[in-house]
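Residue numbers (our numbering), protein chains in the order written: chain A, -19 to 94; chain B, -3 to 106.
C-beta atoms are modelled at their ideal positions from N, C-alpha and C, and glycine is treated no differently.
Working notes for the structure below.
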């Protein structure tokens, strides 16, 4: 049981290049999320998917697109990377219980845009 | 806009001491509350949920004050391995998930 996996771990892009960050979970969770984390800014939600087939914008969606390919996989695409998108990107999936929601995070992708 | 506020620290604390920090949240409709821990260059991980009656897990005690809209975390007999950033997290119960504070950086010194 790998939990939440992300690829790649590190990436360097030039301004204007595109790339897709991959995320997969094997916990059979319905909800999945993409966050970015910048120094002094905390975790900010980019997009989320409450269930297979649905996606919604979070706090900072501009410059990104997502695809919920199936229940396991939720990808994040940067169509034309900008230096402002240099960040650490975390994918998460969540389960709900009587105490509320618990999110499980992947190890992150460190992206540098030059 | 939902907000969760924390003192960023750092809190420098000698090993064995007790340390406490709080966070406040703005959304009075928030339903669930958590503390996550994040080690340097790692992903956040759930430390503990925070229940209305308060709860304890070993050396860690979490309290919730709904009237004042704040959550606290107390760490007793602190260990070097407790050094990390502690994220206060609030859920409104909606599909858009959790709202994270920016974290409190804790450094336990030998």
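- Between the segment -1 to 10 of chain A and the segment 1 to 16 of chain B there are fewer than three inter-stretch CB-CB distances shorter than 8 angstroms, so the stretches are not counted as touching.
- In the DSSP assignment, residue 77 of chain A falls within the unbroken beta strand (DSSP E) covering 67 to 77.
- By the rule that beta-carbons nearer than 8 angstroms mark a contact, residue 83 of chain A touches chain B.
- A straight-line Cα-Cα distance of about 17 angstroms links residue 54 of chain A and residue -2 of chain A.
- If you check the CB distance, residue 20 of chain A and residue 38 of chain B do not come in under 8 angstroms.
- Take the alpha-carbon of residue 87 of chain B and the one of residue 14 of chain A: they are about 16 angstroms apart.
- Here the alpha carbon of residue 100 of chain B sits roughly 24 angstroms from the alpha carbon of residue 38 of chain A.
- Residue range 100 to 105 is occupied by the beta strand (DSSP E) that includes residue 101 of chain B.
- For residue 56 of chain A, the enclosing beta strand (DSSP E) stretches over residues 54 to 58.
- Excluding sequence positions up to five before and after residue 26 of chain B, its CB lies within less than 6 angstroms of the CB of 86, 88, all in the same chain and listed in chain order.
- At a cut-off of 8 angstroms, the C-beta of residue -10 of chain A has no neighbouring C-beta in chain B.
- Setting aside the 5 residues that flank it on each side, residue 82 of chain A is surrounded in the same chain by 74, 75, each with a C-beta closer than 7 angstroms to its C-beta; the list follows chain order.
- Of the candidates A:94, A:51, A:70, A:70 places its Cα closest to the Cα of residue 25 of chain A.
- Close to residue 25 of chain A, with beta-carbon spacing below 9 angstroms, are these residues of chain B in chain order: 92, 93, 94, 95, 96.
- In the DSSP assignment, residue 24 of chain A falls within the beta strand (DSSP E) that extends over 22 to 29.
- A check of alpha carbon separations from residue 58 of chain A across A:48, A:9, A:42, A:78 identifies A:42 as the nearest.
- In this structure, the alpha-carbon of residue 89 of chain A lies about 7 angstroms from that of residue -9 of chain A.
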